[in-house]
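One structure is given below, encoded as structure tokens.
2 protein chains.
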Amino acid sequence: MQMKKLYGGIEAGGTKFVCVVASRPTHIVDEIRFKTTTAEETLSKAIQFFRPFVASGQINAIGVGCFGPLDVIPESSTYGFITVTPKPGWSNTNVLGILRGGLGVKIAFDTDVNVAGLGEYKWGISKGFDPSLYLTIGTGIGGGYIKEGKSLIGLLSPEMGHLRIPHNRELDPFVGNCPFHEDCFEGLASGPAIEKRLGIPGARVPEKDPFWNLEAAYIASALMNYILTLSPKKIVLGGGVMQREFLFPKVRWRVRELLNGYVASKSVVENIEDYIVPPGLGNQSGSLGAIALAMQLDERSHDPRV
Amino acid sequence: MQMKKLYGGIEAGGTKFVCVVASRPTHIVDEIRFKTTTAEETLSKAIQFFRPFVASGQINAIGVGCFGPLDVIPESSTYGFITVTPKPGWSNTNVLGILRGGLGVKIAFDTDVNVAGLGEYKWGISKGFDPSLYLTIGTGIGGGYIKEGKSLIGLLSPEMGHLRIPHNRELDPFVGNCPFHEDCFEGLASGPAIEKRLGIPGARVPEKDPFWNLEAAYIASALMNYILTLSPKKIVLGGGVMQREFLFPKVRWRVRELLNGYVASKSVVENIEDYIVPPGLGNQSGSLGAIALAMQLDERSHDPRV
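Top line first, the protein sequences correspond to chains A and B.
The opening residue of the first sequence carries number 202 in this note's numbering; numbering runs sequentially from there.
The opening residue of the second sequence carries number 202 in this note's numbering; numbering runs sequentially from there.
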């Protein structure tokens, strides 16, 4: 393997696309960001960006972390599709097929949160922590669980933002805004839930507003459930809501209070500051994770056992 | 490999121990069941049972599925110990060390629920369903998640019985009986919680008592969270509470209602009767799972890559 072998990575978000060509975080050769418009226009831009690198033989594998809902089951007839999304013009889009057709290289495909989790595990703050969990709390809430370097995919891809958690309606009469489950975790604690409840975006709610204790309590309830179910060695919290850094100590404190000594691990009991943390790669978890995914695909196809 | 190679299996429960010598479910050579008394007496009985098979060279690997709380982290200095348990005389018992010392064979060690899950995956109703989840709802509540033939162990072993779930105190004023978390899933829905709430054991509560709808709703809330987090392809519900078979249709109906179309898989939407099911091995999931665990250990040590 050459030291400078390059890979392509696409962070395909519902708001913006980030495309990178890189070998590792400190060696990013090219990068482009653009708004997500129609499927056709957006995917064409991505293809145009990568085409010269493919044509010159510099890259032969691309990783994609895509917004959803997504079909990530390889056996499925709609593998690589965005399925039914409220985003206009994107329902039933064969993202993987369009990219493969336009570029003619190997492409690995996974959800945005799984890929961000992989990025943090490969190069970020979860490095060396197996298993680990990456959670985004923003426009939506979703999680990627990385075990032995791979994202967890089962019957479908997990949808752990939609967990049922306690909701005290006396304390918080907000009914929740999830169109499927009303007051699930996402319905209570996502960015849009905050804005609908308070009338202003979370970014403009002052730090001392008591609402943040409620928000931290919801996040902590969900984290407790993930800890008890998945037993991760590191939990990374990304996304727009977690930009409010004062939330971290509140969440950690509340997780410890809720667990009440039940998970008798030093990580939780003594060093929770190093257990529940912001992303190590800042806003690049997704795009660099896509590079890591492309590398995995490339290594797998060199594996004589495959 | 010979057709009739034998293995030892121990289902080490807090109430009773089951020890078996077998090659597979249809070839059980010997079996013994006895009450769990003191650690010394109980483990001695198990050792005496297996000793002739070890001495004659018929078995060289034993699997153990043990009640807990348990240290299952191989790197830990108390690996193989029951840690702090309310069960008299069992706290800080080196179960694995005592068995190894008494028998001098290879011993594989995991939690009771992980081993039962493995049994169902190897020979029971989860066979061919990867990943799968085994849940016991009885004196306590616990779950074992099996992926690629291995139980999920992370920072610690999961403790998924203690999930936080919605609890409507108007509908159900019972405060919960978990000494750590009061109204977690186990605190609301385990056998002892039922008995404490109603004054009689669950086994004697009539089928038409409206309480069972509440019980089913708690179980369904927890299942929804496991489905969204772990995405299993099969969910097996064992344990004393689930002996009341009329609970299964109630739970399935409520899971589908709660998910509300969100997990768009045929398994959930159309065939939930085959998705949430009783154990295929009856009350032998644990002891046969222990045989499966011993087989895995034996195969691993023949693996040239190890």
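For every residue, glycine included, the Cβ atom is placed at its ideal position computed from N, Cα and C.
All values reported here derive from a predicted model rather than from experimental measurement.
Handout entry: Any C-beta of chain A under 8 Å from that of B:Tyr427
Key = As a working mapping, residue 427 of chain B is identified with position 226 in the second sequence. Yes, contact with chain A.
Practice task
List the endpoints of the continuous alpha helix (DSSP H) containing A:Val464.
Solution key: Counting from one through the first sequence, the residue named residue 464 of chain A turns up at place 263. First-last for A:Val464: undefined, no H or E at that position.
Exercise for the section: For A:Leu207, write down the residues that DSSP places opposite it in a beta bridge. Expected result: Your numbering for residue 207 of chain A matches position 6 in the first sequence. The partner list for A:Leu207 (beta bridge, DSSP) reads A:Ile260.
Handout entry: Pair within 8 Å by beta-carbon distance, A:Gly339 and A:Ser422
Key = Position 138 of the first sequence, counting from 1, holds the residue named residue 339 of chain A. Position 221 of the first sequence, counting from 1, holds the residue named residue 422 of chain A. Not a contact, by the Cβ cut-off of 8 Å.
Handout entry: Residues that A:Pro287 contacts on chain B, provided the C-beta gap is smaller than 7 Å
Key = One-based indexing of the first sequence puts residue 287 of chain A at position 86. Those do not exist, as A:Pro287 stays about 14 Å from chain B at its closest Cβ, beyond 7 Å.
Practice task
List the residues that DSSP assigns as beta-bridge partners of B:Ala309.
Solution key: Position 108 of the second sequence, counting from 1, holds the residue named residue 309 of chain B. Per DSSP, B:Gly264.
Handout entry: Helix, strand or coil at A:Thr279 according to DSSP, with G and I counted as helix
Key = By 1-based counting over the first sequence, the position of residue 279 of chain A is 78. Coil.
Exercise for the section: Could you have a look at B:Ile492 and say whether DSSP puts it in helix, strand or coil? Expected result: As a first step, residue 492 of chain B is located in the second sequence; it is residue number 291 there, counting from the start. The answer is helix: DSSP assigns B:Ile492 an H, G or I state.
Handout entry: Rounded separation between B:Ser502 and B:Trp324 - CA only
Key = Here the question's residue 502 of chain B lines up with position 301 in the second sequence. Here the question's residue 324 of chain B lines up with position 123 in the second sequence. Cα to Cα, B:Ser502 sits roughly 22 Å from B:Trp324.
Problem - Run of the alpha helix (DSSP H) containing A:Thr184, from where it starts to where it stops - result: Because chain A is modelled from 202 through 507, residue 184 of chain A falls outside the range shown and cannot be assessed.
Problem - Among A:Glu321, A:Cys267, A:Ile401, A:Val221, the one whose alpha carbon lies nearest that of A:Arg252 - result: For the purposes of this step, residue 252 of chain A is taken as the residue at position 51 of the first sequence. Closest option to A:Arg252, Cα to Cα, is A:Val221.
Practice task
Have a look at B:Met425, B:Leu424, B:Lys397, B:Asn426 and flag the residue whose alpha-carbon is nearest the alpha-carbon of B:Phe412.
Solution key: Position 211 of the second sequence, counted from the first residue, corresponds to residue 412 of chain B. It is B:Lys397.
Practice task
Compare the Cα-Cα distances from B:Cys267 to each of B:Ala256, B:Ala247, B:Gly377 and report the closest residue.
Solution key: For the purposes of this step, residue 267 of chain B is taken as the residue at position 66 of the second sequence. Of the listed residues, the one whose Cα sits closest to B:Cys267 is B:Ala247.
Exercise for the section: Can you give me, in chain order, the residues of the segment 361 to 391 of chain A that have a beta carbon less than 7 Å from any beta carbon in chain B? Expected result: Met361, His363, Leu364, Arg365, Ile366, Pro367, His368, Phe381, His382
Problem - Within chain A, partners of B:Gly345 - CB distance below 8 Å - result: Here residue 345 of chain B refers to the residue found at position 144 when the second sequence is read from its first residue. Those within 8 Å of B:Gly345 in chain A number zero; the least Cβ separation is about 11 Å.
Practice task
Can you give me the start and stop residues for the beta strand (DSSP E) that B:Leu438 sits inside?
Solution key: Looking up residue 438 of chain B in the second sequence gives position 237. Element bounds for B:Leu438: 436 to 439.
Exercise for the section: Hey, could you find the ends of the alpha helix (DSSP H) A:Gly302 is sitting in? Expected result: Looking up residue 302 of chain A in the first sequence gives position 101. That run of the alpha helix (DSSP H) goes 296 to 304.
Practice task
Would you identify the three-state DSSP class for A:Tyr419, choosing helix, strand or coil?
Solution key: Translated into the one-based positions of the first sequence, residue 419 of chain A becomes position 218. If DSSP states are grouped into helix, strand and coil, A:Tyr419 belongs with the helices.
Handout entry: Cutoff 6 Å; reference B:Arg225; Cβ partners in own chain excluding five residues on either side
Key = Residue numbering aside, residue 225 of chain B sits at position 24 when the second sequence is read from its first letter. The answer is none, since no qualifying residue turns up.
Handout entry: Span separating the alpha-carbon of A:Tyr427 from that of B:Gly210
Key = Looking up residue 427 of chain A in the first sequence gives position 226. Looking up residue 210 of chain B in the second sequence gives position 9. Each residue's alpha carbon lies about 31 Å from the other.
Practice task
Work out the CA separation of B:Val452 and B:Val442 for me, nearest whole Å.
Solution key: Along the second sequence, read from residue 1 onward, the residue named residue 442 of chain B stands at position 241. Along the second sequence, read from residue 1 onward, the residue named residue 452 of chain B stands at position 251. Each residue's alpha carbon lies about 12 Å from the other.
Exercise for the section: Sort B:Lys434, B:Ile436, B:Gly487 by Cα distance to B:Gly215 and report the nearest one. Expected result: As a working note, residue 215 of chain B is residue 14 in the second sequence. Of the listed residues, the one whose Cα sits closest to B:Gly215 is B:Gly487.
Handout entry: Contact the segment 446 to 461 of chain B vs the segment 471 to 485 of chain B: 3+ CB pairs below 8 Å
Key = yes
Handout entry: Cβ of B:Leu438 within 8 Å of any chain A Cβ
Key = Translated into the one-based positions of the second sequence, residue 438 of chain B becomes position 237. Not one chain A Cβ lies under 8 Å of B:Leu438.
Exercise for the section: Could you list which residues in chain B have their beta carbon closer than 8 Å to that of A:Asn461, in chain order? Expected result: Here residue 461 of chain A refers to the residue found at position 260 of the first sequence. The contacting residues are Phe381, His382.
Exercise for the section: Could you tell me whether the Cβ of A:Ile354 comes closer than 8 Å to any Cβ of chain B? Expected result: Locating residue 354 of chain A in the first sequence gives position 153, counting from the first residue. It does; some Cβ of chain B falls within 8 Å.
Exercise for the section: Look at B:Thr153 and B:Leu364 and say whether their C-beta atoms are less than 8 Å apart. Expected result: The structure shown has nothing for residue 153 of chain B, since chain B only spans 202 to 507.
Exercise for the section: List the residues that DSSP assigns as beta-bridge partners of B:Phe235. Expected result: As a position in the second sequence, residue 235 of chain B is number 34, starting the count at 1. DSSP, once it has assigned bridges, lists B:Phe218 as partnering B:Phe235.
Handout entry: Length of the line joining the Cα atoms of A:Asp499 and A:Thr279
Key = Reading the first sequence from its first residue, position 298 is the one you call residue 499 of chain A. Reading the first sequence from its first residue, position 78 is the one you call residue 279 of chain A. Those two C-alpha atoms are separated by around 23 Å.
Handout entry: Outcome for B:Asn414 when other beta-carbon atoms lying within 10 angstroms are tallied against a minimum of 16
Key = On the second sequence, residue 414 of chain B is found 213 positions in, with the first residue counted as 1. B:Asn414 comes out exposed.
Exercise for the section: Decide if B:Gln203 is buried, meaning its Cβ has at least 16 other Cβ atoms within 10 Å, or exposed. Expected result: Taking the first residue of the second sequence as 1, we reach residue 203 of chain B at position 2. Confidence in B:Gln203 is poor, its pLDDT being 49 and thus under 50, which makes the residue's placement unreliable; the coordinate value appears in the next sentence. Counting Cβ neighbours within 10 Å, B:Gln203 comes out exposed, since fewer than 16 surround it.
Problem - Three-state secondary structure (DSSP) of A:Lys328 - result: Counted from its first residue, the first sequence places residue 328 of chain A at position 127. It is coil, neither helix nor strand.
Problem - Same chain only: Cβ atoms within 7 Å of A:Met425, ignoring 5 sequence neighbours per side - result: The residue you call residue 425 of chain A lines up with position 224 of the first sequence. Val456, Leu459, Leu460.
Problem - Whole-angstrom C-beta distance between A:Ile347 and A:Tyr322, which should lie under 8 Å - result: What you label residue 322 of chain A is simply residue 121 of the first sequence in a count that begins at 1. What you label residue 347 of chain A is simply residue 146 of the first sequence in a count that begins at 1. A:Tyr322 to A:Ile347, Cβ: 5 Å. Contact.
Problem - Cutoff 8 Å: A:Val464 Cβ touching any chain E Cβ - result: Chain labels in this structure do not include chain E; the protein chains are A and B.
Practice task
Use the C-beta contact count for B:Gln485: other C-beta atoms within 10 angstroms, 16 or more gives buried, fewer gives exposed.
Solution key: Your numbering for residue 485 of chain B matches position 284 in the second sequence. By the neighbour-count rule (16 or more Cβ atoms within 10 Å), B:Gln485 is buried.
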